[in-house]
Amino acid sequence: EAKAKGRNTFHFYSQELDAAANERLFIENELRIALKAKQFKLNYQPQVNSQTMEVIGYEALIRWYHPEKGFIPPDKFIHIAEATGMIVELGEWVIDEACHFSMRLQALGQAGNMSINLSARQFKDDRLISTLSDVLERTKMPPNLLHLELTESMLMGDVEAAITQLHEIKRLGVALSIDDFGTGYSSLSYLKRFPVDMLKVDRSFVQDIPEDQNDMEITAAIIAMAQKLKLQVVAEGVETQEQVDFLQKNNCFIVQGYFYSPPINESEVHDFYQSLQRPI
Ligand code: C2E
Ligand code: MG
Ligand code: MG
Ligand code: MG
714 EAKAKGRNTF HFYSQELDAA ANERLFIENE LRIALKAKQF KLNYQPQVNS
764 QTMEVIGYEA LIRWYHPEKG FIPPDKFIHI AEATGMIVEL GEWVIDEACH
814 FSMRLQALGQ AGNMSINLSA RQFKDDRLIS TLSDVLERTK MPPNLLHLEL
864 TESMLMGDVE AAITQLHEIK RLGVALSIDD FGTGYSSLSY LKRFPVDMLK
914 VDRSFVQDIP EDQNDMEITA AIIAMAQKLK LQVVAEGVET QEQVDFLQKN
964 NCFIVQGYFY SPPINESEVH DFYQSLQRPI
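The numbers in full-length UniProt numbering rise by one with no breaks, and the one at position 79 of the sequence shown is 792.
The following block contains the structure:
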């Protein structure tokens, strides 16, 4: 009995593993052609000053529309692109595309920051600095409009190498944000050595405000710490008026989340901008 059950369990797991391995292999293969086949698009999520209702910038978020599978979310493929090294080429496309869009916004008088997510491999890659300086040169984008988002885990490990790379990026005039702040385990003593400009409070702390007392304490503490360190702070995943109110009460005015807008495409960005300029 037990033996049969054990075999079944094994059989069950191995089928699951097969399915996962197959999906991974499928994505790995398809990723190779997706760039050339122009299956990627960027969406942009506005970052809004909740007090003045100004758009202070956008975060570029990649979207993959596969001809047979339809929409494949970034959480399903970014780690695979990272593992295979494809992320470097894909990331270069993201930087180029987002900076060009930013300059089109600029030309329309709709300037703002453009935040781009970097992956660990991209951050460590030797080509990053030349990729960034090339794109700034080609687009004539003011470097301070470009914000790169990194996560805490990318900065741990070889901390000294990370700090060197951060300084190289800062020398270009580009701004740096720590994404998903509070979910990694960055040591606070390192935080003040990282030449970063902004912290993004992770969505997981924001989503249960005002029900979760602990999350409110943590969020308030992160905001207070950011202020002490003279860092800007953005709250991610803001979905309700109560959350906006709580954040305002705690001196966090820049917010990003479905409450103001989900990630939207280029033409929707123009509409969104207009709608905030002419409030009802
Ligand atoms: P992230 O950088 O933390 O991006 C925020 C994620 O939260 C996005 O998911 C966004 O759509 C979602 N979001 C924004 N507001 C709300 C809200 O109010 N409620 C909820 N429930 N969700 C909200 P998305 O677009 O699926 O991206 C997931 C992750 O994939 C990103 O997390 C980022 O780590 C990664 N990613 C996306 N685009 C790129 C890229 O171009 N390069 C790299 N390396 N990673 C990327
Ligand atoms: Mg991000
Ligand atoms: Mg985030
Ligand atoms: Mg994330």
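Glycine included, each C-beta is placed from N, C-alpha and C at the ideal position. For clarity, every value in this text was computed on a predicted model and none was experimentally measured.
In the DSSP annotation of this structure, the continuous segment of the alpha helix (DSSP H) that includes residue 916 starts and ends at 916 to 919. The beta carbon of residue 774 lies closer than 8 Å to those of 755, 756, 757, 758, 787, 830 and 976 in the same chain, with the five residues before and after it left out. Contact annotation: the region 863 to 883 does not touch the region 924 to 943, with fewer than three C-beta pairs closer than 8 Å. Pairing residue 930 with residue 891 gives a Cβ-Cβ distance that is not under 8 Å. Going by C-alpha positions, residue 969 is about 20 Å away from residue 807. Straight-line measurement puts the Cα of residue 912 at about 19 Å from the Cα of residue 922. Residues of the same chain with a CB within less than 7 Å of the CB of residue 825, apart from the 5 flanking positions on each side, are 768, 769, 770, 771 and 818 in chain order. Classified as exposed, residue 765 has fewer than 16 neighbouring CB atoms from the shown chains inside 10 Å of its CB.
Remark: C-beta atoms of residue 952 and residue 972 approach each other more closely than 8 Å.
Per the DSSP secondary-structure output, residue 770 pairs in a beta bridge with 760 and 826. Counting the other Cβ atoms within 10 Å of the Cβ of residue 832 gives 16 or more, which makes it buried. Contact between residue 908 and residue 868 fails: their C-beta atoms lie close to 11 Å from each other, not under 8 Å. Taking each of 736, 793 and 778 in turn and checking the Cα distance to residue 750, the smallest one comes out for 778. In terms of Cβ geometry, residue 914 and residue 946 form a close pair [threshold 8 Å]. Closer than 7 Å to some heavy atom of ligand 1: that does not describe the Cβ of residue 960. Cα atoms of residue 857 and residue 928: separation of roughly 32 Å, rounded to the nearest angstrom. Secondary structure at residue 869: coil, using DSSP grouped into helix, strand and coil. Every beta strand (DSSP E) of 3 residues or more that sits fully in the region 776 to 816 is shown, in chain order, as 783 to 785. Here residue 942 is near residue 904, since their CB atoms are less than 8 Å apart. Out of 955, 980 and 863, the CA that lies nearest to the CA of residue 925 is found in 955. Per DSSP, residue 859 lies in no alpha helix (DSSP H) segment; the continuous beta strand (DSSP E) that holds it begins and ends at 859 to 864.
Distance from the C-beta of residue 804 to the nearest heavy atom of ligand 1 is below 7 Å.
Relative to ligand 1, the beta carbon of residue 840 is positioned no closer than 7 Å to any heavy atom. For residue 900, there is no enclosing alpha helix (DSSP H), as DSSP gives it neither H nor E. For residue 893, the Cβ falls inside the 7 Å cut-off from some heavy atom of ligand 3. Boundaries cannot be given for residue 951, as no alpha helix (DSSP H) includes it and DSSP labels it neither H nor E. Taking the Cβ atoms as the reference, residue 794 lies roughly 6 Å from residue 744, within the contact range of under 8 Å. In the structure shown, the three-state DSSP call for residue 972 is coil. Here DSSP, grouped into helix, strand and coil, assigns residue 746 to helix.
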